[in-house]
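Colleague: My structure is below; once you've seen it, I'll send some questions.
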Amino acid sequence: MNAVITFDKKGQMCLLNTQNGVAQISEISKKDKSLLENITVTNGKAGFPEKAFAGMENLKTVTFSNNVSELSDGMFYDCPNLERVTIPTTISKIPNDTFGLCCNLKEIEGIETIKEIGKEAFLHCESMETTGNLINIE
């Protein structure tokens, strides 16, 4: 299942659907969350909740829009099938545990703009192919 994800003012993850030119936001159920494979994240200037996408076992790809400026601690922690993430140049830090236990993560497009990496941000990411100019990824 593909989805466009946004967050409401309370920090709840929501699906963003556009029908007849009208944006409709609905809270995402745990069942829907478990089915998501490819997501596009449209906002995040106010920040994401900690572990916002953690444990999404079917998630494979994530693309962030250019208005996202921060990731959160543990954001994708334990997403074992996550393979590819595209981040915009507006993100300069990978926080603690962000991709921990994402054992199939192969590529992060846009990683060359990262200036800071948090503790265990890439814990057990043995499949990483693209690391840009980053060193000491553990």
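So for the sequence shown, the working numbering puts the first residue at 121; every next one is plus one. The beta carbon of each residue, even a glycine, is placed where N, CA and C say it ideally should be.
Under 7 Å Cβ to Cβ from I214, same chain only, skipping five residues before and after it: list those, please.
Modeller: Excluding sequence neighbours, I214 sits near L191, I234, I237, G238 and A241.
Colleague: Taking the C-alpha atoms as reference points, what is the distance between C223 and E203?
Modeller: The alpha-carbon atoms of C223 and E203 are separated by roughly 9 Å.
Colleague: Using 10 angstroms around the beta-carbon of K150, count the other beta-carbons present and answer buried if the total reaches 16, otherwise exposed.
Modeller: By the 10 Å Cβ count, K150 comes out exposed.
Colleague: Considering only DSSP beta bridges, list what I125 is partnered with.
Modeller: Paired residues: L135 and V161.
Colleague: If you draw a straight line from the alpha carbon of S247 to that of F173, how long is it in whole angstroms?
Modeller: Rounded to the nearest angstrom, the two C-alpha atoms are 20 Å apart.
Colleague: Going along the chain, which residues of its own chain have a beta-carbon closer than 6 Å to the beta-carbon of C245, five neighbours each way excluded?
Modeller: F219, C222 and L225, listed in sequence order.
Colleague: I think L156 touches M121, with their Cβ atoms under 8 Å apart; what is that distance to the nearest whole Å?
Modeller: Yes, L156 and M121 are in contact; Cβ-Cβ is about 5 Å, under 8 Å.
Colleague: Would you report the Cα separation of D198 and P169, rounded to the nearest angstrom?
Modeller: Going by the C-alpha atoms only, they are around 16 Å apart.
Colleague: Tell me which same chain residues have a C-beta within less than 7 Å of the C-beta of N186, skipping the five on either side of it?
Modeller: Correct list, in chain order: P208 and T210.
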